[in-house]
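Below you'll find the structure, written out as structure tokens, and then a few comments.
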Amino acid sequence: MMHIARLFLLAFLLITGPGCAGGGADPGPLQVQNRFPLHLLFLTPRPASALTPPAGGWRAALAIDYSSIYVDESSRQWNFLADMETAVVDLSVVYGLSNRAAIRLDMPLVHMGGGFLDSFLESYHDALGVSNYGRENRPKDSFAYRIDREGSLWFEGESGGLHLADITISGQWTIFPSIAGYHAYSSMLVSLKVPTGDSRHGYGSGRWDAGVFLPTEWRRNQWSLYAMPGFMWHSDPDTRGADVSARNAFSMFVGAAYAYSEQWHWMAQLNYFSSPIEKTGVALVDDGAYELALGFRRTLNDAWHLEFAFCEDIFTKAAPDFSLHLGVVWTRADLDFDRR
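Residue numbers (my numbering): 1 to 340.
Right under this line is the structure:
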């Protein structure tokens with residue numbers, strides 16, 4: 001699948017190439033998603049700016065998220081085993097159809113493997129005085145990813161390679177533009193997840209999902225505050241024999257950014273969504289997912305922004321043990337993103 005990765009990079013370079021002007025628009029919250037591998041199968045909330053590009057405007061982001069995951073839990077019917085490290089390469093492109101409407105495409109590529117961080121994480125957890133989740137009971141830096149119900153397999157992952165997961169296509173409409181200098185914005189984001197990933201190995205559900213979200217932003221002086229409630233309709237996934245039912249889910253994202261200077265913005269974000277599958281008797285799946293992201297955005301010039309975040313599962317294990325996010329965001333500059 002390396003040719004797909006090259007196509008991703010080529011597409012990003014073509015969109016952001018030297019023939020295009022750049023722009024100083026605020027890209028909004030950090031483009032960080034919960035990368036718990038089970039959530040790759042379903043539509044989940046992705047923080048989005050409340051501001052759409054104006055007509056003919058572009059916003060593009062290329063990011064990599066590196067995560068460590070360990071889960072070994074069972075109930076009367078279910079067995080969940082995930083011992084891995086993952087890298088998700090994500091290309092996101094937004095295009096302004098008009099001054100108040102835009103379309104968006106999100107395309108993730110996923111690598112799963114045994115990784116190299118088990119010894120470091122064991123020492124890290126010991127230093128904090130917290131559990132290592134049982135990771136010490138398995139061979140270090142090994143790979144396993146399997147979910148079954150009553151002995152019937154849902155899917156079983158494979159180590160190695162770079163695989164296309166389910167892509168998401170969205171439409172966004174501004175419903176509350178800034179008025180008379182009052183810098184508050186709100187929009188409606190309608191998303192459709194397309195079953196492009198391999199459902200036999202955990203890269204997709206094999207079915208379509210849909211969701212509606214309300215990205216909202218408020219700015220005052222150096223501060224920007226973000227919120228994005230949402231609701232998702234999930235289809236029952238394809239399986240390799242197990243009887244699995246999905247359930248609809250709701251979500252809530254909140255975040256804050258402080259402009260320390262024109263170049264540096266410090267950011268904190270909390271993302272939650274309820275479980276996308278039926279009750280299993282395993283708390284980490286049934287209780288929903290919280291993930292805290294702390295990071296920054298560095299403005300390189302009028303066109304380019306660099307962002308970094310450290311993400312942690314603060315309340316539940318339905319998120320990676322930790323994730324590191326590194327991304328670059330490009331916006332067009334000859335267009336005024338606040339013009340509505």
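Each residue gets a CB set at the ideal place from its N, CA and C atoms; glycine is no exception.
Restricting to Cα atoms, I'd like to know which of 323, 85, 330 and 287 is closest to residue 140.
85
For the region 312-330 against the region 54-72, do three or more pairs of beta-carbon atoms, one drawn from each stretch, fall closer than 8 Å, so that the two count as touching?
yes
Which same chain residues, not among the five before or five after residue 96, have their C-beta less than 7 Å away from its C-beta?
52, 53, 54, 55, 56, 57 and 102
Output the distance between the C-alpha atoms of residue 214 and residue 285, rounded to the nearest integer angstrom.
25 Å
Let's test the definition: count the other Cβ atoms within 10 Å of the Cβ of residue 283 and tell me whether it reaches 16, buried, or not, exposed.
exposed
Within the region 148-213, ranges of the alpha helix (DSSP H) (whole runs, at least 4 residues)
none
So what's residue 289 in DSSP terms, helix, strand or just coil?
strand
Spatial neighbours of residue 299 within its chain, please: CB distance less than 6 Å, with the 5 preceding and 5 following residues excluded, ordered by chain position.
263 and 305
Could you check the C-alpha separation between residue 226 and residue 217 for me, to the nearest Å?
5 Å
Measure the alpha-carbon distance for residue 194 versus residue 169 and round it to whole angstroms.
8 Å
Where does residue 28 land, buried or exposed, given buried means 16+ other C-beta within 10 angstroms?
buried
Residues sharing a beta bridge with residue 74, DSSP
79
Using the rule of at least 16 other Cβ atoms within 10 Å of the residue's Cβ for burial, across every protein chain shown, is residue 94 buried or exposed?
buried
Is there contact here, the region 269-278 with the region 28-43, by at least three beta-carbon pairs under 8 Å?
yes
Tell me which residues share the same chain as residue 44 and place their Cβ nearer than 7 Å to its Cβ, disregarding the 5 neighbours each side in the sequence.
33, 34 and 273
Determine the direct distance from the alpha carbon of residue 42 to that of residue 192, and round the result to whole angstroms.
11 Å
Specify, as a first and last residue, the run of the beta strand (DSSP E) that residue 226 falls within.
223-233
By Cβ distance, which residues of its chain are closer than 6 Å to residue 111, with the 5 residues on each side in sequence left out?
87 and 162
8 Å contact criterion, which residue 267 and residue 297 should meet: CB distance rounded
6 Å
For residue 53, name the three-state secondary structure that DSSP assigns.
coil
Does the Cβ-Cβ distance between residue 167 and residue 81 come in under 9 Å?
no
Would residue 72 and residue 323 qualify as a contact pair, given that the criterion is a beta-carbon distance under 9 Å?
no
Reference residue 302, options 251, 290, 197 and 332, closest by Cα:
332
Going by other Cβ atoms of all chains shown within 10 Å of its Cβ, with 16 needed for buried, is residue 46 buried or exposed?
buried
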